[in-house]
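One structure is given below, encoded as structure tokens.
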Amino acid sequence: MSRFYDIIVVGAGISGCTFASSFNKRFSDASILLVEYGRRLGGRSTTRKSRKNKNFIFDHGLPAISFSENISNDLFSIISPLIKSKKLIDITQDILVINEFGKIYHADSNEKVYRSLPFMINFCDAIISQSSNPKKINFLFQSLTKTIRRRNDLWELKINDKRLVNCKNLVISSSLIAHPRCLGILNINSLPLRDAVKEGNDKTIDSLLSIINKQEYIKRKNYIFYVSNSKTVSNFKYKYLQLYFSKAIRDDFNFERIIFQGQSDGSMIIVLHCFYINKFIGDNDNRIIESLMMIFCNQNKFLDLFMQAKLFDIMYWRASQPINNLVSKELQWSSISNIGFCGDWFDFEGCSRVEAAMNSSIRLSQLIS
Ligand SMILES: Cc1cc2nc3c(=O)[nH]c(=O)nc-3n(C[C@H](O)[C@H](O)[C@H](O)COP(=O)(O)OP(=O)(O)OC[C@H]3O[C@@H](n4cnc5c(N)ncnc54)[C@H](O)[C@@H]3O)c2cc1C
281 MSRFYDIIVV
291 GAGISGCTFA
301 SSFNKRFSDA
311 SILLVEYGRR
321 LGGRSTTRKS
331 RKNKNFIFDH
341 GLPAISFSEN
351 ISNDLFSIIS
361 PLIKSKKLID
371 ITQDILVINE
381 FGKIYHADSN
391 EKVYRSLPFM
401 INFCDAIISQ
411 SSNPKKINFL
421 FQSLTKTIRR
431 RNDLWELKIN
441 DKRLVNCKNL
451 VISSSLIAHP
461 RCLGILNINS
471 LPLRDAVKEG
481 NDKTIDSLLS
491 IINKQEYIKR
501 KNYIFYVSNS
511 KTVSNFKYKY
521 LQLYFSKAIR
531 DDFNFERIIF
541 QGQSDGSMII
551 VLHCFYINKF
561 IGDNDNRIIE
571 SLMMIFCNQN
581 KFLDLFMQAK
591 LFDIMYWRAS
601 QPINNLVSKE
611 LQWSSISNIG
621 FCGDWFDFEG
631 CSRVEAAMNS
641 SIRLSQLIS
């Protein structure tokens, strides 16, 4: 059976949710469907509810959201109610750094850094609940889109290789189905966006595809450890802490930051963010703990935790953030094909990552009529 929506959004991360909520504020009767491969909202900002241990809930991707000093008015109108209601808390002053001499000090940043409470996934929930008519926003989770087709001026999406959904306007909030990395990840032979609109038929799509063809991403590997001894955990000063490694440590170990997250059963989850190519350590968790103990050698409370830390999982982020060839905002919407694009793969007036993702989504919601 095929269903029809005014708009279908591929992806329910921060961009997809920001787009859906902003568009719904403008056209509260328009039907929107978000098609998401994951089990819940959030994408790279999602929160893990462990299947291995039901007590563990923790953020294993985006740990905090940074906004520049001069954020746009539209973006401010989304985040200010969340700051007021303490769903977003300012942690700029709480972020620490450790240097190669084991000294810990406060990070110095020009940006404001926020954490979503209780977890990062709640940021997307909160954005969706700001919409005027949430009943018009529908979700399909665990639904992968590999094929999109343009037929009789409408879009048709094949979901999980069978179910068909149709729409007037299509929004792509993830670069995946337009980027060559999808060939390996989705095990397909050609780009779904290119298959849908052949070269020469739509200049916006041709330009967009040629730019992101060479877009590269930071690849990250996050090691997740847990400490079950609640006495050791309660002796540790922090229930939650984000700590960055100095440049010298980053260069030597590929460690970027480490996040300590107390759990409801008194245990602690520790997420170590590393760059993907870990020349020094590989996957050897004993070497990682030894290295952490070396770095924190004169910080007893940290050493107590690391001594008892056990590896829980490793999370591979093949595309954590784009590093080059960001797409210009002029290529966000094609009125020839009724297709729009948003996300952190856009360059939005100098801002990047989450801020660019949200700005591009708000702008796209204003371009479609
Ligand atoms: C470990 C890590 C650390 C980070 N640190 C920072 C930081 O400190 N500061 C910062 O600003 N940013 C950071 N980022 C980047 C930040 O998370 C992203 O910029 C932001 O989450 C982008 O949101 P998005 O909605 O554009 O994309 P995503 O979150 O990737 O959402 C896209 C969604 O689309 C879905 N999807 C894709 N293709 C399909 C398909 N074919 N069918 C169905 N669903 C599909 C995906 O499953 C995903 O849920 C970090 C990211 C990671 C992974």
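Quick note on our numbering: the sequence shown kicks off at 281 and runs consecutively.
Quick reminder that beta carbons are idealized off the backbone N, C-alpha and C, glycines included.
The model shown is predicted, which means the values in this text are computed figures rather than measured ones.
Taking the alpha-carbon positions, what's the residue i to residue j distance?
i	j	result
Ser-409	Arg-328	21 Å
Ile-594	Ile-485	36 Å
Ser-490	His-459	10 Å
Ser-608	Glu-629	9 Å
Asn-639	Asn-353	10 Å
Trp-597	Asn-502	8 Å
Ile-538	Lys-478	45 Å
Val-634	Lys-494	21 Å
Arg-283	Ser-302	23 Å
Pro-472	Met-548	42 Å
Ser-396	Asp-545	21 Å
Phe-540	Phe-338	10 Å
Leu-647	Lys-392	29 Å
Thr-425	Asn-418	16 Å
Gly-378	Leu-552	Sequence check: residue 378 is Ile here, not Gly. Using only the alpha carbons, I get a separation of about 14 Å.
Met-281	Ser-632	Its pLDDT being 47, under 50, Met-281 is placed unreliably in this model, and the coordinates cannot settle the point.
Given the structure, does residue i come close to ligand 1, in the sense that its CB is under 7 Å from one of the ligand's heavy atoms?
i	result
Ile-359	no
Leu-456	yes
Val-451	no
Asn-502	yes
Tyr-317	yes
Thr-425	yes
Ser-302	no
Gly-323	yes
Ala-476	no
Whose CA, out of the options, lies closest to the CA of residue i?
i	options	result
Val-507	Leu-420, Ser-357, Arg-500 and Lys-519	Lys-519
Tyr-394	Met-574, Ile-648, Ser-325 and Arg-474	Ser-325
Gln-422	Val-315, Gln-541, Phe-582 and Val-551	Val-315
Leu-488	His-340, Ile-452 and Glu-436	Ile-452
Gly-542	Tyr-524, Asp-531 and Thr-512	Thr-512
Arg-331	Phe-592, Cys-631, Cys-462 and Asp-286	Phe-592
Gly-382	Ala-599, Asn-605 and Leu-583	Leu-583
Asn-581	Phe-516, Cys-297, Ser-649 and Tyr-497	Residue 581 is actually Lys in this sequence, not Asn. Checking every option, the nearest Cα to that of Lys-581 belongs to Phe-516.
Taking 8 Å as the threshold, find out whether the segment 594-613 comes into contact with the segment 633-647 through three or more Cβ pairs. Because the criterion of three Cβ pairs below 8 Å is met, the segment 594-613 and the segment 633-647 touch.
With three or more C-beta pairs closer than 8 Å as the rule, is the segment 316-327 touching the segment 395-410? Touching, yes, given that three or more Cβ pairs across the two stretches are closer than 8 Å.
Sufficient close CB pairs (3 or more, under 8 Å) joining the segment 289-297 to the segment 362-369: The segment 289-297 makes no contact with the segment 362-369, as fewer than three CB pairs between them are under 8 Å.
Taking contact to mean 3 or more Cβ pairs, one atom from each stretch, closer than 8 Å, check whether the segment 565-585 and the segment 436-449 are in contact. No, they do not touch.
Unbroken stretches of the beta strand (DSSP E), 3 residues or longer, contained in the segment 344-386: Complete beta strand (DSSP E) runs here, min 3: 345-347, 368-370, 376-378 and 384-386.
Three or more C-beta pairs under 8 Å: does that hold for the segment 421-438 against the segment 617-626? Short answer: they touch.
Ignoring anything shorter than 4 residues, give me the alpha helix (DSSP H) runs that lie fully in the segment 401-471, in order along the chain. Correct list: 401-409 and 461-465.
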